[in-house]
């Protein structure tokens, strides 16, 4: 049985994606506790929350597309660019004092999306 923890954090695709997102945020994210700790904090983590929300959303969408629409693995680069696009659309939700941080993280994600790590075929079958 697949758990929520596996779906969003433990499967090979999620682990690879969170490692890139963590690098962009300069913050280790590997569980809902990591996300929740920032979510419940003050607004200084608004940029982190926007990026984490976009990441969770696209992991959910990817898994549903693979399970219910028989869509194949797209590649990490495309997934990262989708997260970047959503974060850019959600900038309006970011308080003014956190907007600069969000733009830095988006820039970091863009740089990482241009040269993402590879997910081996063997790991893809684990998920």
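Numbering (our numbering), first residue to last: 209 to 335. We put the beta carbon where it would ideally sit given N, CA and C, even for glycine. Fair warning: this is a prediction, and the values are worked out from it, not measured in the lab.
Helix or strand or just coil, what does DSSP make of residue i?
{"i": "residue 283", "result": "coil"}
{"i": "residue 236", "result": "coil"}
{"i": "residue 260", "result": "helix"}
{"i": "residue 219", "result": "coil"}
{"i": "residue 330", "result": "Bear in mind that a pLDDT of 40 at residue 330, under 50, signals an unreliable position, so the number given afterwards is only what the model happens to contain. The answer is helix: DSSP assigns residue 330 an H, G or I state."}
{"i": "residue 228", "result": "helix"}
{"i": "residue 325", "result": "coil"}
{"i": "residue 303", "result": "coil"}
{"i": "residue 210", "result": "coil"}
Within 10 angstroms of its Cβ, does residue i collect 16 or more other Cβ (buried), or is it exposed?
{"i": "residue 257", "result": "buried"}
{"i": "residue 255", "result": "buried"}
{"i": "residue 260", "result": "buried"}
{"i": "residue 276", "result": "exposed"}
How many Å lie between residue i and residue j at the Cα?
{"i": "residue 284", "j": "residue 253", "result": "25 angstroms"}
{"i": "residue 251", "j": "residue 300", "result": "14 angstroms"}
{"i": "residue 232", "j": "residue 280", "result": "26 angstroms"}
{"i": "residue 212", "j": "residue 304", "result": "33 angstroms"}
{"i": "residue 369", "j": "residue 290", "result": "Summary: the structure shown does not reach residue 369, with the chain confined to residues 209 through 335, and so no result is reported for it."}
{"i": "residue 234", "j": "residue 270", "result": "24 angstroms"}
{"i": "residue 246", "j": "residue 278", "result": "34 angstroms"}
Can you find the residues in the same chain that come closer than 8 angstroms, C-beta to C-beta, to residue i, ignoring five residues on each side of it along the sequence?
{"i": "residue 230", "result": "236, 237, 238"}
{"i": "residue 325", "result": "224, 227, 228, 284"}
{"i": "residue 264", "result": "216, 243"}
{"i": "residue 296", "result": "314"}
Please work out which residues of its chain come closer than 7 angstroms, Cβ to Cβ, to residue i, disregarding the five sequence neighbours upstream and downstream, and give them in chain order.
{"i": "residue 292", "result": "314, 317, 318, 321"}
Take residue i and list the residues in its own chain whose beta-carbon comes closer than 6 angstroms to its own, dropping the five residues that flank it on each side.
{"i": "residue 294", "result": "262"}
{"i": "residue 192", "result": "Summary: the structure shown does not reach residue 192, with the chain confined to residues 209 through 335, and so no result is reported for it."}
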